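Novice: Here you go, one structure.
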Amino acid sequence: AQKVTQAQTEISVVEKEDVTLDCVYETRDTTYYLFWYKQPPSGELVFLIRRNSFDEQNEISGRYSWNFQKSTSSFNFTITASQVVDSAVYFCALSEAQRAQGGSEKLVFGKGTKLTVNP
Amino acid sequence: DAGITQSPRHKVTETGTPVTLRCHQTENHRYMYWYRQDPGHGLRLIHYSYGVKDTDKGEVSDGYSVSRSKTEDFLLTLESATSSQTSVYFCAIRDTVFYGYTFGSGTRLTVV
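Protein chains in written order, with our numbering: chain A, 2 to 120; chain B, 110 to 221.
Structure representation (structure tokens):
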């Protein structure tokens with residue numbers, strides 16, 4: 002069964018600090034997708050990134066970067082020079098790839114990491 | 110915007126009453142999901158659908174039922190609401206082209 006672990010329940014940093022959010026996953030599939038979502042205090046779920054299991058290249062988007070390592074089953078998220086607007090709950094999630102027989106393609110979430118960035 | 114709306118956005122109901130939450134999409138996506146979000150648990154899958162009249166259970170399906178008679182609508186019903194079902198409910202659709210999941214704005218349900 003799929004499982005996503007976000008060991009950090011809460012993190013508090015001061016503005017401009019770099020912060021890394023950890024995500025470790027378990028799956029028996031060789032093909033899968035990993036996601037990060039942001040949930041700001043307003044409550045909506047905002048998609049940040051999707052990575053498939055065949056693409057281990059790290060990705061950078063502005064102040065955000067992601068490190069995918071299949072060898073350690075990790076998909077960590079780093080915010081560089083954090084800002085108060087980064088304060089949110091961040092979720093890592095895992096989905097199996099589509100199956101020809103109509104697999105569920107369930108998206109399984111970690112429990113989230115609450116990030117607070119203080120001015 | 111993926112065109113997914115949830116209704117109602119907020120609801121307060123009494124224990125023992127039936128409640129139906131609606132998820133509506135405008136883009137003909139095959140896969141739809143219902144999640145609940147509770148502190149300390151993240152989002153947990155209740156039920157999902159992979160087509161009209163095709164549904165299956167998630168990890169926390171007890172006390173819930175779903176129906177999908179049209180592609181665009183996925184209904185979640187609490188047959189007899191209990192206080193443990195007080196939660197925020199999210200609907201999601203899966204885009205088969207870009208393989209992304211898009212979530213509705215959520216329904217905050219309080220059972221008193």
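Using N, Cα and C, we set each Cβ at its ideal position, and we do this for glycine too. Everything numeric in this text was worked out from a predicted model, so none of it was measured.
Who are the neighbours of Glu-57(A) on chain B, taking C-beta pairs under 8 Å?
Specialist: Correct list: empty, because the minimum Cβ distance to chain B is about 17 Å.
Novice: Which value, in whole angstroms, describes the spacing of the CA atoms of Lys-162(B) and Ser-178(B)?
Specialist: Rounded to the nearest angstrom, the two C-alpha atoms are 6 Å apart.
Novice: Reducing DSSP to helix, strand and coil, say where Lys-120(B) ends up.
Specialist: Note: Lys-120(B) maps to strand in three-state DSSP.
Novice: With 9 Å as the C-beta to C-beta threshold (strictly closer), list the residues of the region 19-40 of chain A near chain B in chain order.
Specialist: Against chain B - using a Cβ distance shorter than 9 Å - the residues of the region 19-40 of chain A are Tyr-34, Phe-36, Tyr-38 and Gln-40.
Novice: Please decide whether Gly-183(B) counts as near chain A, where near means a Cβ-Cβ distance under 7 Å.
Specialist: A small fix is needed here, since residue 183(B) is Phe in this sequence, not Gly. Chain A, which has no Cβ nearer than 7 Å to the Cβ of Phe-183(B), makes this no.
Novice: In chain order, what residues of the same chain lie with their CB nearer than 7 Å to the CB of Glu-16(A), ignoring the 5 residues before and after it?
Specialist: Here the set comprises Ser-83, Gln-84, Val-85, Val-118, Asn-119 and Pro-120.
Novice: With Ala-94(A) as the anchor, note down where its beta strand (DSSP E) starts and where it stops.
Specialist: Where Ala-94(A) is concerned, the enclosing beta strand (DSSP E) stretches over 89-97.
Novice: If we ignore side chains and look at the alpha-carbon of each, how far apart do Ser-189(B) and Thr-10(A) end up?
Specialist: Between Ser-189(B) and Thr-10(A), the C-alpha separation is close to 33 Å.
Novice: Along the region 149-164 of chain B, what residues have a CB closer than 7 Å to any CB found in chain A?
Specialist: Per Cβ criterion, the list reads Gly-149, His-150, Gly-151, Leu-152, Leu-154, Tyr-157 and Tyr-159.
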